[in-house]
Amino acid sequence: MRCFDCGTELVCRANQSYRYDESGLDNVFLVGINVYDCPKCQTISPEIPNVLGLHLAVSVALLGKSAKLRGPEVRFLRKILGVRSKDFARQLGYNPVSYSRIENDKENINDQGDRLVRLWFLAQRSAEIERHFAAIEHEVVHAWEIVRMDEIREEATNERIEIPVDLLVQAAQNEEFAGGTPAC
Ligand SMILES: [Zn+2]
616 MRCFDCGTEL VCRANQSYRY DESGLDNVFL VGINVYDCPK CQTISPEIPN VLGLHLAVSV
676 ALLGKSAKLR GPEVRFLRKI LGVRSKDFAR QLGYNPVSYS RIENDKENIN DQGDRLVRLW
736 FLAQRSAEIE RHFAAIEHEV VHAWEIVRMD EIREEATNER IEIPVDLLVQ AAQNEEFAGG
796 TPAC
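For what it's worth, the working numbering labels the leading residue of the sequence shown as 616, then goes sequentially.
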């Protein structure tokens with residue numbers, strides 16, 4: 616494979632850990648992934664076998680947190696739901712300015728808002744996850760339990776989220792998810 620920018624032959628490194636900055640989050644890591652380095656441009660490109668599955672797995676990991684969601688996590692979930700910021704604000708009962716401050720981490724989401732984000736996501740996506748991604752079904756059950764718990768959560772924390780690439784490959788093989796088996 617050649618570099619998209621300069622045409623230099625890329626160097627493949629297997630079984631790496633890659634911080635998935637493309638998500639807009641700084642705490643999501645893909646584990647066991649192939650990455651391609653361009654020796655000339657110094658760029659690193661991950662080989663993600665199943666982007667849809669990855670986004671669902673990250674979402675469910677966020678929903679299963681016992682700590683409150685951080686702004687960028689709320690933004691990530693909204694984008695996976697495919698809802699515009701001002702529409703999501705309305706659905707959660709925020710005015711668009713306050714909601715924007717939450718996504719930008721200038722204001723913390725309140726307990727009801729946090730719970731509603733999780734409920735919206737689970738209501739809209741849990742059937743799809745159960746159908747296509749059985750390996751994370753138990754995490755969906757856990758996420759529902761978190762929503763049902765009637766207690767104030769700890770303040771937002773930023774623990775590491777690790778997604779094993781094997782999991783994504785398996786889900787892609789089982790279903791119609793786009794992608795293939797990594798080959799380095
Ligand atoms: Zn290059």
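The C-beta atom is built at its ideal place from N, Cα and C for all residues, glycine as well.
Fair warning: this is a prediction, and the values are worked out from it, not measured in the lab.
The three-state reading of DSSP puts P661 in strand, counting E and B together.
The C-beta distance from F691 to G639 rounds to 6 angstroms, short enough to fall under 8 angstroms. Three or more Cβ pairs closer than 8 angstroms define a contact, and the stretch 673-687 meets that threshold against the stretch 720-737.
Only residues of its own chain outside the window of five on either side were considered, and among them H670 and S674 have a CB closer than 6 angstroms to the CB of I695, listed in chain order. Under the DSSP assignment, S681 falls outside any beta strand (DSSP E); it carries neither an H nor an E label. Check the Cα spacing between S632 and each of I778, S713 and L645: the tightest is with L645.
Relative to the non-hydrogen atoms of ligand 1, the Cβ of D652 never comes closer than 7 angstroms to any of them.
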